[in-house]
Amino acid sequence: MLWLLRRYVQERRYRRRPYVAPACNDWARQPLPAEAPVHRVALLGDPGAVATTGPDPVLQLLESWQQETGPAGTIILLGDNIYPVGMPAPDHPKRALAEARFDALLTSLGRFPGQVVLLSGNHDWNKGRSDGWQYLRRQEAYVRAKLPTAHYLPLDGAPGPVSLQLAPGVLLVVLNTQWWVQRGPRPTADTKEPFRQLRQLLEANRHQRVLVAGHHPLYSNALHGGKFTAKQHIFPLTTVHKQAYVPLPLVGSLLPLYRKLLGAAEDMAHPRYRKMRRRLLRVLHDFPDVVYAAGHDHNLQYFQRQGGHYLVSGAGSKTAFVQKGGRATFVHEHTGFFSLDFYPQHTWLRTLEPGNATEVFRLQLYPAPAAAPPVVPLPRQVEQLLSR
Numbered sequence: 055m056l057w058l059l060r061r062y063v064q065e066r067r068y069r070r071r072p073y074v075a076p077a078c079n080d081w082a083r084q085p086l087p088a089e090a091p092v093h094r095v096a097l098l099g100d101p102g103a104v105a106t107t108g109p110d111p112v113l114q115l116l117e118s119w120q121q122e123t124g125p126a127g128t129i130i131l132l133g134d135n136i137y138p139v140g141m142p143a144p145d146h147p148k149r150a151l152a153e154a155r156f157d158a159l160l161t162s163l164g165r166f167p168g169q170v171v172l173l174s175g176n177h178d179w180n181k182g183r184s185d186g187w188q189y190l191r192r193q194e195a196y197v198r199a200k201l202p203t204a205h206y207l208p209l210d211g212a213p214g215p216v217s218l219q220l221a222p223g224v225l226l227v228v229l230n231t232q233w234w235v236q237r238g239p240r241p242t243a244d245t246k247e248p249f250r251q252l253r254q255l256l257e258a259n260r261h262q263r264v265l266v267a268g269h270h271p272l273y274s275n276a277l278h279g280g281k282f283t284a285k286q287h288i289f290p291l292t293t294v295h296k297q298a299y300v301p302l303p304l305v306g307s308l309l310p311l312y313r314k315l316l317g318a319a320e321d322m323a324h325p326r327y328r329k330m331r332r333r334l335l336r337v338l339h340d341f342p343d344v345v346y347a348a349g350h351d352h353n354l355q356y357f358q359r360q361g362g363h364y365l366v367s368g369a370g371s372k373t374a375f376v377q378k379g380g381r382a383t384f385v386h387e388h389t390g391f392f393s394l395d396f397y398p399q400h401t402w403l404r405t406l407e408p409g410n411a412t413e414v415f416r417l418q419l420y421p422a423p424a425a426a427p428p429v430v431p432l433p434r435q436v437e438q439l440l441s442r
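Right under this line is the structure:
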């Protein structure tokens, strides 16, 4: 109990505040290039619960990004496009809500003159249940009817990889990571062959900047990475429903322990997820500077591991606890999304959040700065934010 109390006090101090690793605390002093980027990519994960009765803050921010970017950009939805269970059958009682949420999202995307790419997540497959492939196919058909210019990748729930040239020198590779953890019917494929194909694809495109996108993160300081709040040890049912305040002290710690060590089907610790993650990392670790972007956890996270860049951008419509520190360079429990800005010689990661006029984090990913950047005074708002 003393440990939980100490954890609770610590969490109260840093929750919902941006965390930046000490090595990158000077991020605000690194000026962006003066020229315009040749291409920009918005990485919007888990947008399936956008507001339907009024303006949605994340969609408003995305539309501002769209207007600033113009046709030289791509929006990638990283899965979980419709909560809670994807696109039900036409006679299902949840169909109307699913259409209302998805229509709000597709209407916003339809005004964008650039490319739109959609991936699927576990909720789009009816939360991974055995009939999930049917839900996925209905969603894909709905997108073809409502937004025919969009790319829904990979087609028909296949594992991939599928590549799409976004701009000269900028390549997108999409994996359907849900395929490896899905129960029940799914497209027939060899579980190992997609990783061999991915390696061949990355080897053939070493001359390009490559973004690999999937729904499931490979590193995470949040729920699916086995991180829980002190409150969830006392009230474990709040992990399922935020208002389920049924106190189960001591016994309640068994659920976090189970999900950390064994895992539910959508947790990193689960055998299917763990095997997929291990095989994917074995490939990506051989290709420095590749960016891997995912959603799944409802927050913003950035990790740099073995020369690669790993993003969690799953705060498109919800937020959830994320633990600071560890291997993470940046984490924030806040709605928003990451933008990758590709310049002729540089790639920048930027954090965009509704309600924050000043950026809370940005970083030059490629190439690494050759010399120390010039000292630029910190904006007062950033100084105040970092001093909290």
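Mapping to my numbering: the sequence shown position 113 is 167, numbers consecutive.
Note that CB positions come from ideal geometry on N, CA and C, so glycine has one too.
Being a predicted model, the structure only gives us computed values, none of them experimental.
Boundaries of the beta strand (DSSP E) in which leucine 417 is found, first to last residue: Taking the first residue of the sequence shown as 1, we reach residue 417 at position 363. Looking at the DSSP string, the run of the beta strand (DSSP E) that includes leucine 417 is 416–420.
contact_flag[the region 238–257, the region 347–362] where n(CB pairs < 8 Å) is 3 or more: no
Residue environment, alanine 276, which counts as buried when at least 16 other CB atoms sit within 10 Å: On the sequence shown, residue 276 is found 222 positions in, with the first residue counted as 1. Flag for alanine 276 reads buried.
Whole-angstrom distance between tryptophan 233 and lysine 378, CA atom to CA atom: Taking the first residue of the sequence shown as 1, we reach residue 378 at position 324. Taking the first residue of the sequence shown as 1, we reach residue 233 at position 179. Their backbone Cα atoms lie some 30 Å apart in a straight line.
Aspartate 145, buried or exposed, once every other Cβ within 10 Å from all chains shown has been counted against 16: Numbered from its first residue, the sequence shown carries residue 145 at position 91. It is exposed - the Cβ of aspartate 145 has fewer than 16 other Cβ atoms within 10 Å.
Distance, tryptophan 179 Cα to valine 139 Cα: As a first step, residue 139 is located in the sequence shown; it is residue number 85 there, counting from the start. As a first step, residue 179 is located in the sequence shown; it is residue number 125 there, counting from the start. So the two alpha carbons sit approximately 7 Å from each other.
Assigned secondary structure, histidine 177 (DSSP; H/G/I helix, E/B strand, else coil): Sequence index remark: in the sequence shown, residue 177 carries index 123 (1-based). Note: histidine 177 maps to helix in three-state DSSP.
Host beta strand (DSSP E) of glycine 127 (start-end): Along the sequence shown, read from residue 1 onward, the residue named residue 127 stands at position 73. From DSSP, the beta strand (DSSP E) with glycine 127 extends over 127–131.
Test item: CB-CB of alanine 374 and histidine 352 under 8 Å: Position 320 of the sequence shown, counted from the first residue, corresponds to residue 374. Position 298 of the sequence shown, counted from the first residue, corresponds to residue 352. Yes, these two residues count as a Cβ contact at 8 Å.
Counted within 10 angstroms of its Cβ, other Cβ atoms place threonine 79 as buried (16 or more) or exposed: To locate residue 79, count along the sequence shown from 1; it is residue 25. A quick correction: the sequence has asparagine, not threonine, at residue 79. Exposed, since its Cβ has fewer than 16 Cβ neighbours within 10 Å.
Residue environment, alanine 143, which counts as buried when at least 16 other CB atoms sit within 10 Å: Along the sequence shown, one-based indexing puts residue 143 at 89. Exposed, because fewer than 16 other Cβ atoms sit within 10 Å of the Cβ of alanine 143.
Sheet register partners of phenylalanine 384 (DSSP bridge): For the purposes of this step, residue 384 is taken as residue 330 along the sequence shown, with counting starting at 1. Paired residues: Val74, Tyr356.
Nearest-angstrom beta carbon gap, proline 215 and valine 228 [assumed within contact, 8 Å]: In the sequence shown, residue 228 corresponds to position 174, counting from 1. In the sequence shown, residue 215 corresponds to position 161, counting from 1. Correct: roughly 7 Å between the Cβ atoms.
Alanine 276 (DSSP reduced to helix, strand or coil): For the purposes of this step, residue 276 is identified with residue 222 of the sequence shown, where counting begins at 1. Of the three classes helix, strand and coil, the one that applies to alanine 276 here is strand, per DSSP.
Span of the beta strand (DSSP E), counted from its first residue to its last, around glycine 7: Here the chain has residues from 55 to 442 only, and residue 7 is not among them.
Alpha-carbon to alpha-carbon, leucine 116 and tyrosine 68: Within the sequence shown, the letter at position 14 stands for residue 68. Within the sequence shown, the letter at position 62 stands for residue 116. Rounded to whole angstroms, tyrosine 68 to leucine 116 spans 27 Å at the Cα level.
Close beta carbons around arginine 70, own chain, < 6 Å, minus the five adjacent residues each side: Position 16 of the sequence shown, counted from the first residue, corresponds to residue 70. Cβ neighbours of arginine 70 beyond the five flanking positions: Glu387.
First through last residue of the alpha helix (DSSP H) which encompasses serine 162: By 1-based counting over the sequence shown, the position of residue 162 is 108. First-last of the alpha helix (DSSP H) with serine 162: 149–164.
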